[in-house]
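Protein chains in written order, with the working numbering: chain A, 593 to 678; chain B, 34 to 600. Ideal Cβ placement from N, Cα and C applies to all residues, glycine included. None of these values were measured; they are calculated from a predicted model.
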Amino acid sequence: MPSIEATVRAAEGLHARPASLFVQAAKKAKVPVTISMGDSEPVSAASMLRVLTLGAKCGDTVTLSAEGEGAEEALAELAKVLAEVE
Amino acid sequence: MMTVLTGIGVGSTAAAGPCVQFTPPVNAPTDEAVPSGPEQLATATEAIRSALGKVCAELSAAAEVNAGQTLGDVLAATAEMASDPEYAELAIGHLATHGPANALTVATEEFATMFRAIGGYMAERVADLNSVRDRAVAHILGVESGGLAELTEPAVVVAHELTPADTSGLDMSKVIALVTEVGGPTSHTAIIARQLGLPCVVKVDGATTVPAGTVLAVDGARGQVIVDPDERTLAAIQERMERYARLLDDDRPGATSDGHPVQLLANIGTTADARAAASQPVEGIGLFRTEFMFLDSDQEPCIEVQAEAYREVLSAFAGRKVVVRTLDAGADKPLAYANLSIEANPALGQRAYRLVRSVPHLMAHQLTALAQAIDACPNTETWVMAPMISTATEAADFMARAEAAGLGGKARIGIMVEVPAAALCADEVLSTVQFASIGTNDLAQYTMATDRELGALADLIDRWQPAVLRLVAQTAEAGQRTATPVGVCGESASDPLMALVLVGMGITSLSMSTASIPAVRFALRHTSLETCQQMARAALGAADSTEAVSAVQNLLNEEVRQAMALE
Chain A
593 MPSIEATVRA AEGLHARPAS LFVQAAKKAK VPVTISMGDS EPVSAASMLR
643 VLTLGAKCGD TVTLSAEGEG AEEALAELAK VLAEVE
Chain B
34 MMTVLTGIGV GSTAAAGPCV QFTPPVNAPT DEAVPSGPEQ LATATEAIRS
84 ALGKVCAELS AAAEVNAGQT LGDVLAATAE MASDPEYAEL AIGHLATHGP
134 ANALTVATEE FATMFRAIGG YMAERVADLN SVRDRAVAHI LGVESGGLAE
184 LTEPAVVVAH ELTPADTSGL DMSKVIALVT EVGGPTSHTA IIARQLGLPC
234 VVKVDGATTV PAGTVLAVDG ARGQVIVDPD ERTLAAIQER MERYARLLDD
284 DRPGATSDGH PVQLLANIGT TADARAAASQ PVEGIGLFRT EFMFLDSDQE
334 PCIEVQAEAY REVLSAFAGR KVVVRTLDAG ADKPLAYANL SIEANPALGQ
384 RAYRLVRSVP HLMAHQLTAL AQAIDACPNT ETWVMAPMIS TATEAADFMA
434 RAEAAGLGGK ARIGIMVEVP AAALCADEVL STVQFASIGT NDLAQYTMAT
484 DRELGALADL IDRWQPAVLR LVAQTAEAGQ RTATPVGVCG ESASDPLMAL
534 VLVGMGITSL SMSTASIPAV RFALRHTSLE TCQQMARAAL GAADSTEAVS
584 AVQNLLNEEV RQAMALE
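If you want it as structure tokens, here you go:
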């Protein structure tokens, strides 16, 4: 399954505003995307509560995965959100 | 005809405005029917989806209004929680065994458990998650949601009682006064009101039956809530508050009218508090509560992290004094990693200093971190004290621990007097240490065997109770005999009338919320030490607290009487 690693750049971590923006972007993606960190079970990137439970902090690396047509684009787009939201 | 409701007043200010009623959230009913058959299941499923949809819309709209502010971001993130498809799915999954309101409550708790397990910042988001649940449950049941409608204009907030979670959700900049149906002088609402300098009356019978929108005049000094006040009452309050505002002009160090110095210090609990207090005309910090770092964390903060936080506070007060209280965990502030066993009476259990019996490293690490911070801030006069000391032996033990951690010669070491035993043996205890600070809230609670939070017993824990006053006086006298400074850092110090009595007893410093300082400074500035001493004798000789207050009031001069709105 195509996957991509991305680093959380938001100073406060993947919480509050950065998490909202990320989840909103995941909901707009054409394919379902999952997110995981370390050994954690992948969770839906479109689930605010699951994304919050990752507890990803600034500088943490997360893995985004997706399958199907448009997967690559969706992953690149979401990785960009993580890298750009400060 | 104006109706006057009475209760226990907090602070010396007053304000008037329309009221809003804060109602507690609605819980899912215990007898809610479990959906049976596909039709009911479909209805229940739709109820959950629609309720969460409405909550998301409400919160998104509120986020719009507050866009660009922290509150706006929090509301937007909370709206996103409400619209989480997995949240709805999880709740719907519980419809096999629960009605919709209960199914949503169970699903919320499952996420809340995960958040709590992560701890720290995420644990605090449980309150946001619960607010989504409260709103959604209200929609499912078709009732008014609890809490407050948006505070669009300055208002008096009326509630049965307010918890920390409730007040954290209030836009305090729009709150002009607080009124609660229950509570006591040291309940959460009263403490918040004092910190913010808001007029407040607690334990007001009938407060919650006042219709929203009714104008209320809240008078903290008199303990009165006037319903539909007339022009004359409103004008009198305004004039009084203008006079009160002029108190703020005096920023000289605290002293009686004949020049007897009394240090006026601030109580703080965070580094942010320290920064705010540093800009105020205070002579230092009289009580730096160090719990914040420990309570926010699921493990003990390491020495470096502690030292940095202490350094931040001490450096803000270079050239001034800071009295640091070591960790006061236990009882109402349990710590998962310190309070290892369940106690039937935590207020009487292994709390505060007593934790050295089971987890001595906590104290050792904290004292070491303090020594490091003091080394980095040599210009701050740092004092360090332990809470809940009961005997001279414990006082000596704390001195030894401070010495062992390298604090000897760097800081003055002392103790808090809040256990009656320490006050009763004050001579022995005080000759062991370099200073003492009386915590009047706990001293009253333990002397009167009365829980501070129990509104029903508020009269017993009144700060004017002669038994409590006598223990304070006894400790102050022992301080004078042993040449040991004795301060007061409880709520008593923030009451101008009581402050005069304390000074008359021989108390050398008063520590309170910064908002309370101007009125205390004014009262002291206009009263001689001799009058303070007369007041102390009058209060100590009174038969009960009511008699004590009136005896002291009779000795007040006209200027202070007017400023304090006493007739």
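- According to DSSP, residue pairing for B/LYS354 in a beta bridge involves B/GLY317, B/GLU414.
- If the five residues before and after B/ILE540 are omitted, its C-beta is found closer than 7 Å to the C-beta atoms of ALA509, VAL519, GLY520, VAL521, all from its own chain and listed in chain order.
- Taking every protein chain shown into account, the CB of B/GLY253 has 16 or more other CB atoms within 10 angstroms, so this residue is buried.
- Burial check for B/ARG168: the Cβ neighbour count within 10 Å reaches 16 or more, so the residue is buried.
- Boundaries of the beta strand (DSSP E) around B/GLY50: 47-55.
- Closest in alpha carbon position to B/MET432, among B/ILE407, B/LEU463, B/LEU457, B/ALA402, is B/LEU463.
- Proximity of A/ARG642 to chain B, defined by a Cβ-Cβ separation below 9 Å, is satisfied.
- Counted as a single uninterrupted DSSP element, the stretch harbouring B/GLN332 is not any alpha helix (DSSP H), since DSSP gives it neither H nor E.
- Straight through space, the alpha carbons of B/LEU281 and B/THR185 are spaced by roughly 29 Å.
- By the CB criterion at 9 Å, A/THR655 and A/ALA611 fall outside the cutoff.
- Excluding sequence positions up to five before and after B/GLU324, its CB lies within less than 8 Å of the CB of GLY302, LEU360, ASP361, ALA362, LYS366, all in the same chain and listed in chain order.
- Contact between the region 279-296 of chain B and the region 309-322 of chain B is present: three or more C-beta pairs spanning the two stretches fall below 8 Å.
- Among the CB atoms of chain A, none fall inside 9 Å of the CB of B/VAL139.
- Fewer than three pairs of CB atoms, one per stretch, sit closer than 8 Å, so the region 570-582 of chain B makes no contact with the region 540-552 of chain B.
- Counting C-beta atoms within 10 angstroms of its own C-beta, A/LYS620 has fewer than 16 neighbours from the protein chains shown and is therefore classed as exposed.
- Taking 9 Å as the cut-off, the Cβ atoms of B/GLU524 and B/ARG503 do not count as close.
- Counting along the chain, no alpha helix (DSSP H) covers B/THR39; the unbroken beta strand (DSSP E) around it starts and ends at 36-39.
- Closer than 7 Å at the C-beta level to chain A, one finds these residues of the region 84-115 of chain B: ASP106, VAL107, ALA109, ALA110, GLU113, MET114.
- Of all alpha-carbon atoms in B/ASP204, B/SER206, B/GLN339, B/LEU267, the one lying nearest the alpha-carbon of B/GLN399 is that of B/GLN339.
- Distance between A/PRO624 and B/ALA110, taken at the CA atoms: about 21 Å.
- For B/ILE540, the secondary structure class from DSSP, reduced to helix, strand or coil, is coil.
- Chain order gives the chain A residues near B/GLU119 as VAL635, SER636, ALA638, SER639, MET640, LEU641, ARG642, where near means a beta carbon separation below 9 Å.
- The beta carbon of B/ALA491 lies closer than 7 Å to those of ILE41, GLY217, PRO218, LYS236 in the same chain, with the five residues before and after it left out.
- For A/ARG601, the three-state secondary structure derived from DSSP is coil.
- Take B/ALA310, set aside five residues on each side of it, and the residues of its chain with a beta-carbon closer than 7 Å to its own are ALA299, ILE301, ILE318, THR547, in chain order.
- By alpha-carbon distance to B/PRO453, the top candidate from B/THR424, B/ASN590, B/MET396 is B/THR424.
- Contacts between B/ILE151 and chain A, judged by CB atoms closer than 8 Å, involve THR645, GLY647 in chain order.
- Taking the Cα positions, B/LEU543 is about 7 Å away from B/ALA532.
- Nearest neighbour of A/LEU670 by Cα position, chosen from A/GLY630, A/ALA603, A/SER636, turns out to be A/SER636.
- The continuous beta strand (DSSP E) containing B/VAL258 extends over residues 257-260.
- The way I'd put it, the region 115-128 of chain B doesn't touch the region 48-62 of chain B; fewer than three beta-carbon pairs between them come closer than 8 Å.
- Residues are counted here when their Cβ sits less than 7 Å from a Cβ of chain B; for the region 594-613 of chain A these are HIS607, ALA608, ARG609, ALA611, SER612, given in chain order.
- A contact between stretches requires three or more CB pairs, one per stretch, nearer than 8 Å, and the region 338-356 of chain B meets this requirement with the region 400-414 of chain B.
- Using a Cβ distance threshold of 9 Å, B/ALA171 and B/VAL190 do not count as a contacting pair.
- Looking at the backbone, the Cα of B/TRP416 and that of B/PHE144 are separated by about 44 Å.
- For B/GLY253, the three-state secondary structure derived from DSSP is coil.
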